[in-house]
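J.: Reading the sequence shown from the start, the letters are residues 309 to 1052 in the working numbering. Pasting in a structure now, in structure tokens, and then I'll have a few things to ask.
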Amino acid sequence: MIREPRSEFVGRRRELDALADALERSRLITLTGVGGVGKTRLAVRLANAHARRTSTNVYFVGLDAVSDPRRVVAAIAQSLPFGDLSAREPLEFVVDVLSDETALLVLDNCEHVIDAAASVVDELLDALPSLTVVATSRRRLDVDGEQVFPVPPLGTETAGDEPAEAVELLVARARAADAGFELSPADQAVAAQLCHALDGLPLAIELAAGRLRTLSVADLARRLSQRFTLLRAGSRAPVSRQRTLRAVVDWSHELCTPPERALWAALSVFAGPFDLPAAAAVAGGDEAATVETLEQLIDQSLVEADRETGRFHLLETIRGYGRDRAEESGEQHDLVRRHLEYYRGLARLARTHWYGPAQRRILAGQRADRAELDAALRTAAASDTDIALELFSDLRYHWAVGGFLSEGRRWSRRLLRLTGGSAERRTPALLVATWICLLQGALDEARTHLDEARSLLPSLSRADQEQCEVELRRWSGTRALFAGEGDLAREELSRSIRLARSLGRPEEALLAQFQLTVALVQGEVHDTLGPAREALRHATEIGERWIRSLSLWAMGLALYADGELDQAERHAREALALEEGIDDPVGDCLVLELLSWIDAARSPTERTAVLLGAARAWWRRIDSGIAVHGPQMLAQHDRCVAVVRQRLGEEAFQRLSAVGERLSPAEAAAFAGAPGRPAAGLSARESEVAAGVHEGLSNREIAERLVLSVRTVDTHVQRILGKLGFTSRAQIAAWYRSTLVSVP
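Next up, the structure:
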């Protein structure tokens, strides 16, 4: 489901009914209309209603921040699970991910990249017969089969006892700002006139409603009418709705105090949602003063606040208006500079405070700030090569752990081509680029980066040389490990560990330590657990989670190699639990692989195939694979697949692997640990409900089939989840498919 604003959705019943019917006939619907008419919100409500009715997967693609038409298909790819991690052509990735599912894409704000959006939609509809697209745009896409739906303004005329939709919206937003607001009978007609003057545009009405905390409806209508009269003077042409909206925004701007106008201009520099510290930094003030002014802008509906996340967002029209004002006043350059400096500082703190208890908060913040980090990199790349290289390097964990490998690799290629950078900034950037390449299996590209970094070491200060040497040896050892060069891997990783410790930087040894255990396992030497155990001990002492997870996985691998299967599984499951909130996709995939090998070593079952399917799907989504981690790891994987295929047969293996492909890593691991047969304790009725979930039916559809109330089915589903230890319907479906369906 697509997340919707929590403010009340008002009206649009006729439009939603008509659009629902249109979705039955057309695979491409374009909602057109002027800015502020409510296209986006209507499209999202339509998509979610369709998803609930049909069990279709829905994805939202916001194109408002896409300035380069060539990035349209990349934006679509990034809206899909793990799309940011793919190194393939974005169009190929999208087709691959959506080829096996019924999906609906909402493409929002297409007008400024209309040709590119139309071309991509045309290709996707041809390649994916089960795909439906709902687009919003001020212009039609002009694609074959397109159903254009002009979104009208909200109605301003009453219908019987029902208030006009526009008035209903005005009252709803006024009450949201002031719970005590009431529209008296005497003000009903005035409110209708006010909404009519605003042409029923939702954005204009919401802007006007923000003033009802301080003005009466009559005062608001009078002042707004005077403003419109002034704007229309001297024009012979009819006033368009877009000019009316501009008038409302102009009017709101004039009613703002100077501090409110200044903050509005400052906030317009953000590409996406932002938090209070960022707003204060870009505005150039302290948080106390900023929050007071920000609240005023929120009250006037100029800024949207998400109380759950603590972040703020400007509507596209409001942001564009503020940016125009900033450029007119000559402030834009300073605002962009402060924006860059703020996110440089955040990235630097993320790097220096990474090894500690803040990891989940760091990654969550960088994921939320992704649009701003990209904007800051673009600013730096256009102005200062050293700053751009430094920012890229400081974002190393965002790229390699946070799930943005492909994005980081694209930035590395772009920035390393820039001229004018110093060796002090270029060398760390080369080492970060090496890490990214290794995680995507680009060993030759990684070697090239290592060679250049090695050649630059003599030109660095002694302190920088030593620090870069730690990383250079670490990634050289990793490259050797992934290439199957065991002796060189053990030598280089050991040298990196010793050097980090000699410099008093034990945290910089952690990555090499868990990898050294892997290298020792593959070399079949004694005491393989030692390096990973030491990494786990130190990581635990400093409150770190990521290395703890990877160390537990490495120890699980060593225990598996020694035949200690129960201990190996315990370590693997603990590793996955520590991953919660970090969500390192590479680590998740490695744990899935190990769990499948352990399961096969005991006795290959349907569950082994499900685990292998889950691992295969997630490896594919990040354009990587177990082969990236070395020939010995691949050989172990191949042996596991062979024995499971032999045990189950090819048809059952493929069927059950497909079940696993629909599960997330956490779901797959939980699934593998749940009871395995109908004797798990489901009642006959619960088994019938589970069958309906497996068929993709909604709770309402299951209730109709079994002649039960929806509430009763809801209760049965919750009991099934509890009995099986699951957290999602997908796990129930997979469990049913791999157990009950396979029972003779």
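Ideal Cβ positions, reconstructed from N, Cα and C, are used throughout, including at glycine.
When you compare the region 688-702 with the region 720-733, are there three or more beta-carbon pairs, one atom per stretch, that lie closer than 8 Å?
T.: Touching, yes.
J.: Less than 8 Å between the C-beta atoms of residue 350 and residue 384, yes or no?
T.: In the sequence shown, residue 350 corresponds to position 42, counting from 1. In the sequence shown, residue 384 corresponds to position 76, counting from 1. No, the Cβ-Cβ distance between residue 350 and residue 384 is not below 8 Å.
J.: Using a Cβ-Cβ cut-off of 6 Å (strictly less than) and excluding sequence neighbours within five positions of residue 409, which residues of its own chain qualify?
T.: As a position in the sequence shown, residue 409 is number 101, starting the count at 1. Only 365 meet the Cβ criterion.
J.: In the DSSP output, what is residue 621 paired with across the bridge?
T.: For the purposes of this step, residue 621 is taken as the residue at position 313 of the sequence shown. Looking at the DSSP assignment, residue 621 forms a beta bridge with 612.
J.: Give a yes or no on contact between the region 913-932 and the region 875-882, applying the rule of three or more CB pairs nearer than 8 Å.
T.: At 8 Å Cβ cutoff, the stretches do not touch.
J.: Roughly how many angstroms lie between the CA atoms of residue 356 and residue 564, to the nearest whole one?
T.: Mapped onto the sequence shown, residue 356 falls at position 48. Mapped onto the sequence shown, residue 564 falls at position 256. Cα to Cα, residue 356 sits roughly 36 Å from residue 564.
J.: Near residue 713, which residues of its chain fall below 7 Å by C-beta distance, leaving aside the five closest residues on each side in sequence?
T.: By one-based count along the sequence shown, residue 713 stands at place 405. The residues are 393, 707, 744, 747, 748 and 930.
J.: Report the start-end ranges of each beta strand (DSSP E) in the region 458-530 that is 3 residues or longer and not cut off at the edges.
T.: Taking only runs of at least 3 residues, no beta strand (DSSP E) segment lies wholly in the region 458-530.
J.: Going by beta-carbon coordinates alone, are residue 680 and residue 579 separated by less than 8 Å?
T.: One-based indexing of the sequence shown puts residue 680 at position 372. One-based indexing of the sequence shown puts residue 579 at position 271. Yes, they are a contact pair.
J.: Alpha carbon to alpha carbon, what distance is there between residue 755 and residue 764?
T.: Within the sequence shown, residue 764 is the residue found at index 456, counting from 1. Within the sequence shown, residue 755 is the residue found at index 447, counting from 1. Cα-Cα distance, rounded: 14 Å.
J.: When burial is assigned at 16 or more other CB atoms within 10 Å of the CB, is residue 1053 buried or exposed?
T.: What the structure shows of the chain is the stretch from 309 to 1052, and residue 1053 is not part of that stretch, so it cannot be assessed.
J.: Are three or more beta carbon pairs between the region 493-502 and the region 517-528 nearer than 8 Å?
T.: Touching, per the Cβ criterion.
J.: Please give the ranges of any alpha helix (DSSP H) in the region 373-456, keeping only runs that are unbroken, at least 4 residues long and fully inside the region.
T.: Entirely contained in the region 373-456, the alpha helix (DSSP H) runs reaching 4 residues are, in chain order, 380-387, 398-406 and 422-435.
J.: Is residue 790 helix, strand or coil by DSSP?
T.: Residue mapping note: residue 790 aligns to position 482 of the sequence shown, counting from 1. Residue 790 falls in the helix class under three-state DSSP.
J.: Out of 642, 672 and 639, point me to the one whose CA is closest to residue 655's CA.
T.: Here residue 655 refers to the residue found at position 347 of the sequence shown. Per the Cα distances, 672.
J.: State the CB to CB distance for the pair residue 789 and residue 820, rounded to an integer number of angstroms; the pair is presumed to be in contact (CB under 8 Å).
T.: For the purposes of this step, residue 789 is taken as residue 481 along the sequence shown, with counting starting at 1. For the purposes of this step, residue 820 is taken as residue 512 along the sequence shown, with counting starting at 1. That pair is no contact at about 10 Å.
J.: Expressed to the nearest angstrom, what Euclidean distance is found between the alpha-carbon atoms of residue 336 and residue 507?
T.: On the sequence shown, position 28 is the one that residue 336 refers to. On the sequence shown, position 199 is the one that residue 507 refers to. Distance between the alpha carbons of residue 336 and residue 507: 28 Å.
J.: So what does residue 583 bridge to, in DSSP terms?
T.: The residue labelled residue 583 in the question sits at position 275 within the sequence shown. According to DSSP, which records beta bridges pairwise, residue 583 is partnered with 619.
J.: Give the range of the beta strand (DSSP E) segment to which residue 336 is assigned.
T.: Reading the sequence shown from its first residue, position 28 is the one you call residue 336. Looking at the DSSP string, the run of the beta strand (DSSP E) that includes residue 336 is 336-340.
J.: How about residue 842: is its Cβ closer than 7 Å to a heavy atom in the ligand COA?
T.: The ligand content of the structure shown is nil, which means the ligand COA is not present either.
J.: Assuming residue 370 is part of the beta strand (DSSP E), what are its boundary residues?
T.: Position 62 of the sequence shown, counting from 1, holds the residue named residue 370. It spans 365-370 - the beta strand (DSSP E) in which residue 370 sits, taken as one unbroken run.
J.: For residue 839, count the other beta carbons within 10 Å of its own beta carbon; 16 or more makes it buried, fewer makes it exposed. Which is it?
T.: Here residue 839 is taken as the residue at index 531 of the sequence shown, counted from 1. Flag for residue 839 reads buried.
J.: For residue 543, count neighbouring Cβ atoms within 10 angstroms of its own Cβ and tell me buried if that reaches 16, exposed if not.
T.: Numbered from 1 along the sequence shown, position 235 holds the residue referred to as residue 543. The predicted position of residue 543 is uncertain, since its pLDDT is 39 and thus under 50; a value taken from the coordinates is nonetheless stated next. With fewer than 16 Cβ atoms within 10 Å of its Cβ, residue 543 is classed as exposed.
J.: Alpha helix (DSSP H) containing residue 654: first to last residue?
T.: Residue 654 sits at position 346 when you count from the first residue of the sequence shown. Start and end: 640-660.
J.: Would you identify the three-state DSSP class for residue 948, choosing helix, strand or coil?
T.: In the sequence shown, counting from the first residue as 1, residue 948 sits at position 640. Helix, per DSSP.
J.: Would you say residue 1038 and residue 964 are within 8 Å of each other, going by their C-beta atoms?
T.: The residue labelled residue 1038 in the question sits at position 730 within the sequence shown. The residue labelled residue 964 in the question sits at position 656 within the sequence shown. It is not a contact, given that the beta carbons lie outside the stated cut-off.
J.: How many angstroms separate the CA atom of residue 870 from the CA atom of residue 860?
T.: As a first step, residue 870 is located in the sequence shown; it is residue number 562 there, counting from the start. As a first step, residue 860 is located in the sequence shown; it is residue number 552 there, counting from the start. Each residue's alpha carbon lies about 15 Å from the other.
J.: Please report the distance separating the alpha-carbon of residue 716 from that of residue 741.
T.: If you number the sequence shown from 1, residue 716 lands on position 408. If you number the sequence shown from 1, residue 741 lands on position 433. The alpha-carbon atoms of residue 716 and residue 741 are separated by roughly 8 Å.
J.: Across the region 512-519 and the region 584-595, are there enough close Cβ pairs to call them in contact, namely three or more that are closer than 8 Å?
T.: Counting Cβ pairs under 8 Å, fewer than three are found: no touch.
J.: By a C-beta neighbour count over all protein chains shown, 10 Å radius and 16 as the cutoff for buried, is residue 488 buried or exposed?
T.: What you label residue 488 is simply residue 180 of the sequence shown in a count that begins at 1. It is exposed - the Cβ of residue 488 has fewer than 16 other Cβ atoms within 10 Å.
J.: So what's residue 864 in DSSP terms, helix, strand or just coil?
T.: Position 556 of the sequence shown, counting from 1, holds the residue named residue 864. If DSSP states are grouped into helix, strand and coil, residue 864 belongs with the helices.
J.: In terms of alpha-carbon separation, which member of 1002, 835, 904 and 401 lies closest to residue 946?
T.: By 1-based counting over the sequence shown, the position of residue 946 is 638. Out of 1002, 835, 904 and 401, 904 has the C-alpha closest to the C-alpha of residue 946.
J.: Mark residue 1026 as exposed unless 16 or more other C-beta atoms lie within 10 angstroms of its C-beta, in which case mark it buried.
T.: Numbered from 1 along the sequence shown, position 718 holds the residue referred to as residue 1026. Burial call: exposed.
J.: Quick check on DSSP: helix, strand or coil for residue 834?
T.: Within the sequence shown, numbered from 1, the residue matching residue 834 stands at position 526. DSSP places residue 834 in coil when its eight states are reduced to three.
J.: According to DSSP, is residue 932 part of a helix, a strand, or is it coil?
T.: Your numbering for residue 932 matches position 624 in the sequence shown. Reduced to three states, the DSSP call for residue 932 is coil.
J.: Quick check: the Cα distance between residue 466 and residue 479, rounded to an integer number of angstroms?
T.: Taking the first residue of the sequence shown as 1, we reach residue 466 at position 158. Taking the first residue of the sequence shown as 1, we reach residue 479 at position 171. Distance between the alpha carbons of residue 466 and residue 479 is about 14 Å.
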